[in-house]
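**Q** My questions will all concern the structure given below.
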Amino acid sequence: MPILTRPILEINLNNLLDNYKQLKALSAHAEAAAVVKDDAYGLNAEIVAQKLYNDGGCRNFFVAHGIEGERIRKFVPDANIFVLQGIGEDSIDSFKKCKLTPVIGSPEMFEWWKQNKIEGIKPVIQIETGLNRLGFRESDLAKLSSADKKEFGMVLSHLACADAKEHFMNQHQLDNFRRLKAKYFPKIPASLSASDGTFLGPDYQWDMVRLGAAMYGINTAPYRENQMKSVVEVKAPVLQIANLPKGDFVGYSATYRATEDRKLAIVSIGYGDGIPRSLSNVGKVFFNICGRINEARIIGRLSMDNIICDVTNVENLQVGDMAEILSDYYTLDDMGRDAGTISYEILSRIGKNTRYIRKYIGK
1241 MPILTRPILE
1251 INLNNLLDNY
1261 KQLKALSAHA
1271 EAAAVVKDDA
1281 YGLNAEIVAQ
1291 KLYNDGGCRN
1301 FFVAHGIEGE
1311 RIRKFVPDAN
1321 IFVLQGIGED
1331 SIDSFKKCKL
1341 TPVIGSPEMF
1351 EWWKQNKIEG
1361 IKPVIQIETG
1371 LNRLGFRESD
1381 LAKLSSADKK
1391 EFGMVLSHLA
1401 CADAKEHFMN
1411 QHQLDNFRRL
1421 KAKYFPKIPA
1431 SLSASDGTFL
1441 GPDYQWDMVR
1451 LGAAMYGINT
1461 APYRENQMKS
1471 VVEVKAPVLQ
1481 IANLPKGDFV
1491 GYSATYRATE
1501 DRKLAIVSIG
1511 YGDGIPRSLS
1521 NVGKVFFNIC
1531 GRINEARIIG
1541 RLSMDNIICD
1551 VTNVENLQVG
1561 DMAEILSDYY
1571 TLDDMGRDAG
1581 TISYEILSRI
1591 GKNTRYIRKY
1601 IGK
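If you're matching positions, the sequence shown starts at 1241 in my numbering and goes up one per residue.
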């Protein structure tokens, strides 16, 4: 039988497109923008943006840096590309060459912009409403002249707690956004919500929603069942099956000891592939053997290239069979919970890893 040694990352672009369309329908009165920063959460921004542009009709994209906008421009020729980290000396060439729109989040950057304007581009102003990250504070807004305010084509802010529907910060930030927009930018479009805020309803959607994590299958509204389709699956081959006698230890630092005779499978994936080491003795994998789904617990420390799992109760498992590391049975959200982190970080780490055999569905 053929033997594989590398893990497989499968990216379902059809499901990603369906998620985009569902989110777009949810916010039907607002423009739907796709967030493809961090190389589309590691899934290849060029491929993702092209799919959304050609098959989804998306004409608004958000990236983090100018270089990211430059990389996708030829795949989305007449789309608006907004750059969240703004513009500076290190990126102005990308803005000029590719007609990118900066999101300006500080008075200092605005002053720099006024000395280095790009004809035909009206930047977005980011205002602070409660997250206390990038954005003009109200004291900064009060210093803007009438001419300064006319420089901007849209006003933007970002919610801190939109994944918790009843959190007081949502209403607090919405009230702040309404007040500041009405006072300083009453006549230009506005964007307040990313994926999680989109689920809070029309009051939070304004003129444009920025669709990111939910589009990639992550549950950004954990107070209800995830309505998004899975976009990524990770599988890895079993390299060896071995007996573990009672009393023997497993893995680095001997953190697991068998209390009875067990059976092990060594699977070719580890933290070098972006799987969190904190899943040691906590995480799980699944095996689909002849249509039967079998759960197997990770035991011992995750190493750079391998995980060890307890397959004592997995019948008919063979070397070369594939362990399902991420799937509908164990999602990004499940892994994030068990690893003590968030699914966004896991997707970004796995997606940018170069060791996977990468497969695209719907490319």
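Quick reminder that beta carbons are idealized off the backbone N, C-alpha and C, glycines included.
1. In the structure shown, what three-state DSSP assignment does Ile1509 receive?
2. Which runs of the alpha helix (DSSP H) fall wholly inside the stretch 1545–1592 and span at least 4 residues, in chain order?
3. Would you call the CB atoms of Lys1469 and Asn1255 closer than 7 Å?
4. For Phe1527, which of Ala1536, Arg1299, Ser1520 has the nearest alpha-carbon?
5. In three-state DSSP terms, what is Glu1271?
6. Bridge partners of Arg1537, per DSSP?
7. Could you tell me how far apart the beta carbons of Ile1312 and Ala1289 are, in whole angstroms, since I believe they sit closer than 8 Å?
8. Give every residue of the same chain whose Cβ lies closer than 8 Å to the Cβ of Thr1581, excluding the five residues on either side of it in the sequence, and list them in chain order.
9. When DSSP labels each residue in this structure, what does Tyr1604 get in the three-state scheme?
10. What does DSSP give as the partner residues of Arg1532 in its beta bridges?
11. Report yes or no: do the stretch 1246–1261 and the stretch 1471–1479 share at least 3 C-beta pairs separated by less than 8 Å?
12. Near His1412, what residues of its chain come up, given a Cβ to Cβ distance below 7 Å and the 5 sequence neighbours on each side ignored?
13. Within 7 Å (strictly less), CB to CB, does His1269 reach chain E?
14. Skipping 5 residues on each side, what residues in its chain have a beta carbon closer than 6 Å to that of Ser1385?
15. State yes or no: is the C-beta of Gln1445 within less than 7 Å of the C-beta of Ser1267?
16. I'd like the span of the beta strand (DSSP E) that includes Met1468, first residue to last.
17. Beta carbon of Gly1540, beta carbon of Thr1495: below 7 Å?
18. Give the single residue among Asp1568, Val1554, Tyr1456 whose Cα lies nearest to the Cα of Gly1591.
19. Tell me, please, which residues DSSP counts as bridged to Pro1477.
20. Is it right to say Ser1331 is buried, meaning 16 or more other beta carbons lie within 10 angstroms of its own, or is it exposed?
21. Taking C-alpha atoms, which residue in Leu1396, Ala1422, Thr1594 lies nearest to Pro1363?
22. I'd like to know whether the C-beta atoms of Ser1543 and Gly1514 end up nearer to each other than 7 Å.
23. Output the boundary residues of the alpha helix (DSSP H) element that contains Val1288.
24. Just how far apart, CA to CA, sit Ile1365 and Leu1374?
25. By Cβ distance below 6 Å, which residues in the same chain neighbour Met1575 in space, the five residues on each side in sequence not counted?
26. For Cys1530, count neighbouring C-beta atoms within 10 Å of its own C-beta (all shown protein chains included) and say buried if the count is 16 or more, exposed if not.
27. Just to confirm the assignment, what range does the alpha helix (DSSP H) spanning Gln1355 have?
28. Are Val1449 and Ala1272 closer than 7 Å when you measure CB to CB?
29. Can you give me the C-alpha to C-alpha distance between Ala1274 and Tyr1293, rounded to a whole angstrom?
30. Mind reading off the beta-carbon distance from Pro1429 to Met1394? Whole number of angstroms is fine, and I expect it under 8 Å.
31. State the start and end residues of the unbroken beta strand (DSSP E) segment that holds Asn1252.
32. What whole-angstrom Cβ distance do Thr1552 and Arg1502 have, given they're in contact under 8 Å?
33. Let me know the secondary structure DSSP gives Gln1613 once reduced to three states.
34. Determine the DSSP secondary structure at Lys1314, reduced to helix, strand or coil.
35. Determine which residues share a DSSP beta bridge with Leu1484 and list them.
**A** In this structure, then:
1. Here the question's residue 1509 lines up with position 269 in the sequence shown. Ile1509: coil per DSSP, three-state reduction.
2. Annotation: the stretch 1545–1592 contains the following complete segments of the alpha helix (DSSP H) (minimum length 4 residues), in chain order: 1572–1579, 1583–1591.
3. Here residue 1469 corresponds to residue number 229 of the sequence shown, with the count starting at 1. Here residue 1255 corresponds to residue number 15 of the sequence shown, with the count starting at 1. Contact flag set, yes.
4. The residue labelled residue 1527 in the question sits at position 287 within the sequence shown. Per the Cα distances, Ala1536.
5. For the purposes of this step, residue 1271 is taken as the residue at position 31 of the sequence shown. Glu1271: strand per DSSP, three-state reduction.
6. Position 297 of the sequence shown holds residue 1537. Lys1524, Asp1550, per the DSSP bridge assignment.
7. As a working note, residue 1312 is residue 72 in the sequence shown. As a working note, residue 1289 is residue 49 in the sequence shown. The pair is a contact, with the Cβ atoms about 4 Å apart (cut-off 8 Å).
8. Numbered from 1 along the sequence shown, position 341 holds the residue referred to as residue 1581. For Thr1581, where only same-chain residues beyond five positions count, the Cβ hits under 8 Å are Pro1516, Ser1518.
9. Coverage of the chain is limited to positions 1241 through 1603, which leaves residue 1604 absent and any answer about it impossible.
10. Counted from its first residue, the sequence shown places residue 1532 at position 292. Bridge partners of Arg1532: Ile1529.
11. yes
12. Taking the first residue of the sequence shown as position 1, residue 1412 is located at position 172. Hits under 7 Å: Gly1370.
13. The structure shown contains no chain E; it holds only a single protein chain.
14. In the sequence shown, the residue the question calls residue 1385 occupies position 145. The answer is none, since no qualifying residue turns up.
15. Against the sequence shown, residue 1445 aligns to sequence position 205. Against the sequence shown, residue 1267 aligns to sequence position 27. Cβ distance < 7 Å, so Gln1445 and Ser1267 count as in contact.
16. Counting from one through the sequence shown, the residue named residue 1468 turns up at place 228. Run containing Met1468: none; DSSP gives neither H nor E here.
17. Here residue 1540 corresponds to residue number 300 of the sequence shown, with the count starting at 1. Here residue 1495 corresponds to residue number 255 of the sequence shown, with the count starting at 1. The beta carbons of Gly1540 and Thr1495 sit closer together than 7 Å.
18. Taking the first residue of the sequence shown as position 1, residue 1591 is located at position 351. Per the Cα distances, Tyr1456.
19. Sequence index remark: in the sequence shown, residue 1477 carries index 237 (1-based). In DSSP, Pro1477 forms a bridge with Met1562.
20. As a working mapping, residue 1331 is identified with position 91 in the sequence shown. By the 10 Å Cβ count, Ser1331 comes out buried.
21. Within the sequence shown, the letter at position 123 stands for residue 1363. If we check each option's Cα against that of Pro1363, Leu1396 comes out closest.
22. Taking the sequence shown and counting its residues from 1, the one referred to as residue 1543 is at position 303. Taking the sequence shown and counting its residues from 1, the one referred to as residue 1514 is at position 274. No, the Cβ-Cβ distance between Ser1543 and Gly1514 is not below 7 Å.
23. If you number the sequence shown from 1, residue 1288 lands on position 48. It spans 1285–1296 - the alpha helix (DSSP H) in which Val1288 sits, taken as one unbroken run.
24. Looking up residue 1365 in the sequence shown gives position 125. Looking up residue 1374 in the sequence shown gives position 134. So the alpha carbons of these two residues sit roughly 10 Å apart.
25. By 1-based counting over the sequence shown, the position of residue 1575 is 335. Closer than 6 Å at the Cβ level, and outside the excluded window around Met1575, lie Ile1586.
26. As a working mapping, residue 1530 is identified with position 290 in the sequence shown. That one is exposed.
27. Stepping through the sequence shown from its first residue, residue 1355 is reached at position 115. First-last of the alpha helix (DSSP H) with Gln1355: 1347–1355.
28. The sequence position of residue 1449 within the sequence shown is 209, counting from 1. The sequence position of residue 1272 within the sequence shown is 32, counting from 1. The answer is yes: Cβ separation under 7 Å.
29. Here residue 1274 refers to the residue found at position 34 of the sequence shown. Here residue 1293 refers to the residue found at position 53 of the sequence shown. Taking the straight line from one Cα to the other gives about 10 Å.
30. Taking the first residue of the sequence shown as 1, we reach residue 1429 at position 189. Taking the first residue of the sequence shown as 1, we reach residue 1394 at position 154. Right, their Cβ atoms sit about 5 Å apart.
31. Counting from 1 along the sequence shown, the entry for residue 1252 is found at position 12. Element bounds for Asn1252: 1248–1252.
32. Against the sequence shown, residue 1552 aligns to sequence position 312. Against the sequence shown, residue 1502 aligns to sequence position 262. Their Cβ separation, rounded to whole angstroms, is 5 Å, which keeps Thr1552 and Arg1502 in contact under 8 Å.
33. There is simply no residue 1613 to check, as the chain begins at 1241 and stops at 1603 in what is shown.
34. By 1-based counting over the sequence shown, the position of residue 1314 is 74. If DSSP states are grouped into helix, strand and coil, Lys1314 belongs with coil.
35. As a first step, residue 1484 must be located in the sequence shown, where it is residue number 244. Per DSSP, Arg1502.
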